[in-house]
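Below is one structure, written out as structure tokens; the observations come after it.
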Amino acid sequence: MRIEVSVIASARTTEIVFKGEVWKVKVQAAPDKGKANEAVRALIAKELGVPKSCVVLLRGAASRKKVFEIRI
Numbered sequence: 007m008r009i010e011v012s013v014i015a016s017a018r019t020t021e022i023v024f025k026g027e028v029w030k031v032k033v034q035a036a037p038d039k040g041k042a043n044e045a046v047r048a049l050i051a052k053e054l055g056v057p058k059s060c061v062v063l064l065r066g067a068a069s070r071k072k073v074f075e076i077r078i
């Protein structure tokens, strides 16, 4: 399963807002050395109830728009 994610880093809260096909994810982590990407990955894993190792970033490592794949 693939998920399109729009990320807002350095937000006041950490949350997921579902907007149709694209997930809008806010994380408190700064976009520095992949910290925000890891926070998003952990949040998606928690939301779906899967281990973090099952959530893989496919595209958008340095972009706000990302594509994650859930491998089960």
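Residues in the sequence shown are numbered from 7 upward in steps of one, following this note's numbering. Using N, Cα and C, we set each Cβ at its ideal position, and we do this for glycine too.
Inset, instruction - Look up E75 in the DSSP assignment and give the residues it is bridged to. - result: Here residue 75 is taken as the residue at index 69 of the sequence shown, counted from 1. E75 pairs with R8, V62.
Inset, instruction - Report the option in E75, V11, L64 whose CA atom is closest to the CA atom of P57. - result: Along the sequence shown, read from residue 1 onward, the residue named residue 57 stands at position 51. The residue among E75, V11, L64 with its C-alpha nearest the C-alpha of P57 is E75.
Legend entry - Range covered by the alpha helix (DSSP H) that runs through K3: The question about residue 3 has no answer, for the chain in this structure spans 7 to 78.
Legend entry - Distance between T20 and A45 (C-alpha atoms, nearest Å): Mapped onto the sequence shown, residue 45 falls at position 39. Mapped onto the sequence shown, residue 20 falls at position 14. Rounded to whole angstroms, the separation of the alpha carbons of T20 and A45 is 9 Å.
Inset, instruction - Name the two residues that bound the continuous beta strand (DSSP E) containing V28. - result: As a first step, residue 28 must be located in the sequence shown, where it is residue number 22. Looking at the DSSP string, the run of the beta strand (DSSP E) that includes V28 is 28-32.
Legend entry - Cα-Cα separation, N43 to K30: As a working mapping, residue 43 is identified with position 37 in the sequence shown. As a working mapping, residue 30 is identified with position 24 in the sequence shown. Computed Cα separation, rounded: 13 Å.
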